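Engineer: These protein sequence lines are chains E and Z, in that order.
For what it's worth, full-length UniProt numbering labels the leading residue of the first sequence as 1, then goes sequentially.
For what it's worth, full-length UniProt numbering labels the leading residue of the second sequence as 1, then goes sequentially.
Quick reminder that beta carbons are idealized off the backbone N, C-alpha and C, glycines included.
Quick caveat, the model's predicted, so the values are computed rather than measured.
The structure is given below, and queries will be raised subsequently.
Number of protein chains: 2
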Amino acid sequence: MKNDLSKAERTRQFIIETTAGIFNTKGYAGTSLSDLTEATGLTKGSIYGNFESKEEVALACFDYNLLKINRAVQQRLDQETSFHKKLLVYVQIYHSFTGSPFPEGGCPILNTAIDADDTNNLLKDKAAKAILAWKKRLIDLLRGGIAAGEFKTDVAPEQTALSMIALIEGGIMIAKVTNDPTSLVKILKTVELLITQIKT
Amino acid sequence: MKNDLSKAERTRQFIIETTAGIFNTKGYAGTSLSDLTEATGLTKGSIYGNFESKEEVALACFDYNLLKINRAVQQRLDQETSFHKKLLVYVQIYHSFTGSPFPEGGCPILNTAIDADDTNNLLKDKAAKAILAWKKRLIDLLRGGIAAGEFKTDVAPEQTALSMIALIEGGIMIAKVTNDPTSLVKILKTVELLITQIKT
DNA sequence: CTACAAATATACCAATTAGTATTTTTATTT
DNA sequence: AAATAAAAATACTAATTGGTATATTTGTAG
C-alpha cells in the first residue's frame, strides 16, 4: 500500500477534496470547523495538524476547485485547432455549471469573488488572479485569431474577453438564483454571437 | 417633534438604514448581531424589540437596498422618451456601482444571489424575484421598442434582456474583485453595442 | 403632572465559534 | 518486532454567536 505521498500529504489532500464543495457552497464565513470535521470524519486536532487555520483550508480548497476547472478547459482547448473553435470551448464548458468539473455550489471564481471581496483579502486576491488569468487566455486567443486572419482586425480583444467572462459568470448567477438553467443557455447564445460577429 | 411614524417605526427604519450596507458587504452569515448593535448604537434588546430575528433584519435591508436602486432607475427611465434611450439608462446607472443609489458593498442583487443561494431560501427568493422583475422590465422595453418600430422585429427579447443583466452583474463582479472600474466600463460598451445592434 | 404603555437596556442563557496543549494511536524506520 | 517519529484524537480554552426574560427608561394620553 506504499504511496508516493506521506500520510500527512494524503490527509491534507483528503481534507481539501471533501471540503472544497462546502466552502464553495456556504462561503468562508458560513463554513465552520465543525462542518469540516463532520464532512471528513476527522477531528479538529487532525485538521489543525495539517493546516494552520481555517483560512488556509479555504485557500487550498479554492486552488483545488480552480485547478480542476482549468484542467478541464485546457484539455478541451487542446482538442480544437482553430481560434474560433477554441473560444467556443468556453461556451460549451459552461453550458452546465453543475457537475464535473465544477464543485458543489457552482463556479468558485464567482462565489469567492462575491463572498470574499469585502471580507478576506487573500481569497479575494486568488479570485482576482483567476479572473485576470482567464482574461489573459481569452485575449491571447483573440489576438492569435486576428494574427491568423480568423478574426477581424478591428476587434477589441480586452472588451471582448471581459464581456465573455461577464456574460458567463452573470449567466451562472442568474440561472442559479432563479433556478432556471435555460437562462444560462440563452446568455451563452449571446457569447456565441459575440464570437461569430468577429469572424472575418 | 410629532412625526407620522411611531417611535418603533422610526427605530425600525433607523436600524434598516444603518445596517443595510453591512449585510450587503459582509453577507448574511458574516454579519453578526454585534455588528448591528455596534453600528446602530442600540442594544440587542432594542433590535429584538423591533425585529423577530437577524433574518428579518436582513430581509428588510435587502428590500430597502433594492427599493433605493429601483427608485433611482425609475426616475431616470421617466426622463427618457424613446425605448432606445430608456434601455441605455441601465448602462448609465451601472456605470459606477459605488455610491448612490448603491449601498456599501455594491449591487445587493448580485451579492444576495451569491451569498444566499445555498444558505437562506427567503433571501434567495428575494434576489430571484428582483432578477425576474428586472428581466421583465427589460423585455417590456424591448417589446415596446419593437412595436414602436424602434427595434428590429427579429430581436429575441428574453435573450437580450438576460444578456444585459448578465453583462452588468458580471461586470460589477469583475470590476470589484480586480479593483478595476475600467473593466466595467468596457463591458458596458458591449451592452451598448447590443442595444445599438437591434435598432432599425 | 400622573399613570400607563411602549420602547429600550441589562443581564443572562445555552450553543457554537476558532484554536491549542496534551495524550493516544498509527506509520515508518531500523 | 522494537523504537521512534508522525499523525490524529481528546479535552480543553476564551470569546462570540443568536436569542430571551426581566428590569428600566422613555414617550404619550388623560
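At which residues does the alpha helix (DSSP H) containing G49/E begin and terminate?
Structural biologist: Along the first sequence, read from residue 1 onward, the residue named residue 49/E stands at position 49. Segment K44 to N50, the alpha helix (DSSP H) holding G49/E.
Engineer: Just curious, the alpha helix (DSSP H) that D35/Z is in, first and last residue?
Structural biologist: Here residue 35/Z corresponds to residue number 35 of the second sequence, with the count starting at 1. Note, D35/Z: alpha helix (DSSP H), L33 to T40.
Engineer: Quick one: does T18/E have its CB under 8 Å from some CB of chain Z?
Structural biologist: Translated into positions along the first sequence, residue 18/E becomes position 18. Answer no: the Cβ-Cβ gap between T18/E and chain Z never drops below 8 Å.
Engineer: Tell me whether the beta-carbon of I146/E lies closer than 8 Å to the beta-carbon of I174/Z.
Structural biologist: Along the first sequence, read from residue 1 onward, the residue named residue 146/E stands at position 146. Along the second sequence, read from residue 1 onward, the residue named residue 174/Z stands at position 174. Against a cut-off of 8 Å, the Cβ pair of I174/Z and I146/E comes out as no contact.
Engineer: Going along the stretch 91-109 of chain Z in order, which residues come within less than 9 Å of chain E, judged by CB to CB distance?
Structural biologist: Listed by position along the chain: E104, G105, G106 and I109.
Engineer: CB-CB under 6 Å to T11/Z, same chain, minus the five flanking residues each way: which ones, in chain order?
Structural biologist: Counted from its first residue, the second sequence places residue 11/Z at position 11. The residues are N50.
Engineer: Taking just the CA atoms, how far does I172/Z sit from D125/Z?
Structural biologist: Taking the first residue of the second sequence as 1, we reach residue 125/Z at position 125. Taking the first residue of the second sequence as 1, we reach residue 172/Z at position 172. If you take the alpha carbons of D125/Z and I172/Z, they lie about 21 Å apart.
Engineer: According to the Cβ coordinates, are Y90/E and A20/E closer than 8 Å?
Structural biologist: Along the first sequence, one-based indexing puts residue 90/E at 90. Along the first sequence, one-based indexing puts residue 20/E at 20. Contact: no.
Engineer: Give me the subset of the stretch 170-194 of chain E whose CB atoms are less than 8 Å from a CB atom of chain Z, sorted by chain position.
Structural biologist: Within the stretch 170-194 of chain E, the residues whose Cβ lies closer than 8 Å to some Cβ of chain Z are G170, G171, M173, I174, K176, V177, T178, N179, S183, K186, I187, K189, T190 and L194, listed in chain order.
Engineer: Output yes if chain E places a C-beta closer than 8 Å to the C-beta of I69/Z; else output no.
Structural biologist: The count along the second sequence starts at 1 and reaches residue 69/Z at position 69. I69/Z does not count as touching chain E.
Engineer: Output needed for A39/Z: all residues of its chain with C-beta closer than 7 Å, excluding positions within five of it in sequence on either side, in chain order.
Structural biologist: By 1-based counting over the second sequence, the position of residue 39/Z is 39. Once the five neighbours on either side are set aside, the close Cβ partners of A39/Z are T18, T19 and I22.
Engineer: Starting from the N-terminal side, write out each stretch of the alpha helix (DSSP H) that is 4 residues or longer and does not extend beyond the stretch 116-164 of chain E.
Structural biologist: Fully enclosed alpha helix (DSSP H) runs of 4 or longer: 121-147.
Engineer: What's the call for E192/Z, buried or exposed, on a 16-neighbour Cβ count within 10 Å?
Structural biologist: Mapped onto the second sequence, residue 192/Z falls at position 192. By the neighbour-count rule (16 or more Cβ atoms within 10 Å), E192/Z is not buried but exposed.
Engineer: Residues in the same chain with beta-carbon distance under 8 Å from M1/E, minus the five sequence neighbours each way, listed in chain order, please.
Structural biologist: Here the question's residue 1/E lines up with position 1 in the first sequence. For M1/E, the pLDDT reaches just 38, beneath the cut-off of 50, and the residue's location in the model is therefore unreliable, although a value from the coordinates is still provided. There are no such residues.
Engineer: Give a yes or no on whether the minimum CB-CB distance between K26/Z and chain E is below 8 Å.
Structural biologist: Reading the second sequence from its first residue, position 26 is the one you call residue 26/Z. Interface residue, yes.
Engineer: Might you give, ordered along the chain, the residues of its own chain that have their beta carbon closer than 7 Å to the beta carbon of N3/Z, omitting 5 neighbours on each side?
Structural biologist: On the second sequence, residue 3/Z is found 3 positions in, with the first residue counted as 1. Because N3/Z carries a pLDDT of 49, less than 50, the predicted location of this residue cannot be relied on, and the following value inherits that uncertainty. The answer, listed in chain order, is R10.
Engineer: Checking contacts by CB at 8 Å: is K86/Z closer than that to chain E?
Structural biologist: The residue labelled residue 86/Z in the question sits at position 86 within the second sequence. Closer than 8 Å: no.
Engineer: How would you write the range of the alpha helix (DSSP H) that G21/Z sits in, first residue to last?
Structural biologist: Here residue 21/Z is taken as the residue at index 21 of the second sequence, counted from 1. Here the alpha helix (DSSP H) through G21/Z covers K7 to K26.
Engineer: Assess contact between the stretch 57-75 of chain Z and the stretch 95-103 of chain Z, defined as three or more Cβ pairs (one per stretch) separated by less than 8 Å. Is contact present?
Structural biologist: Enough Cβ pairs lie closer than 8 Å, so yes.
Engineer: Can you pull the chain E residues whose beta carbon is under 8 Å from the beta carbon of T128/Z, in chain order?
Structural biologist: Taking the second sequence and counting its residues from 1, one reaches residue 128/Z at position 128. Here residue 128/Z is Ala; the residue named in the question, Thr, does not match the sequence. Neighbours of A128/Z on chain E, chain order: V177, T178 and N179.
Engineer: Can you check DSSP and say which residues form a bridge with K189/E?
Structural biologist: Working through the first sequence from its first residue, we reach residue 189/E at position 189. Answer is none; K189/E lacks a bridge partner.
Engineer: Do the stretch 179-199 of chain E and the stretch 80-98 of chain E meet, that is, are 3 or more Cβ pairs less than 8 Å apart?
Structural biologist: A contact exists between the stretch 179-199 of chain E and the stretch 80-98 of chain E.
Engineer: Tell me which residue opens and which closes the alpha helix (DSSP H) that A60/Z is part of.
Structural biologist: The residue you call residue 60/Z lines up with position 60 of the second sequence. Taken as a continuous stretch (DSSP letters only), the alpha helix (DSSP H) holding A60/Z covers K54 to Q79.
Engineer: Can a CB atom of chain E be found closer than 8 Å to the CB of G41/Z?
Structural biologist: Taking the second sequence and counting its residues from 1, the one referred to as residue 41/Z is at position 41. Chain E, which has no Cβ nearer than 8 Å to the Cβ of G41/Z, makes this no.
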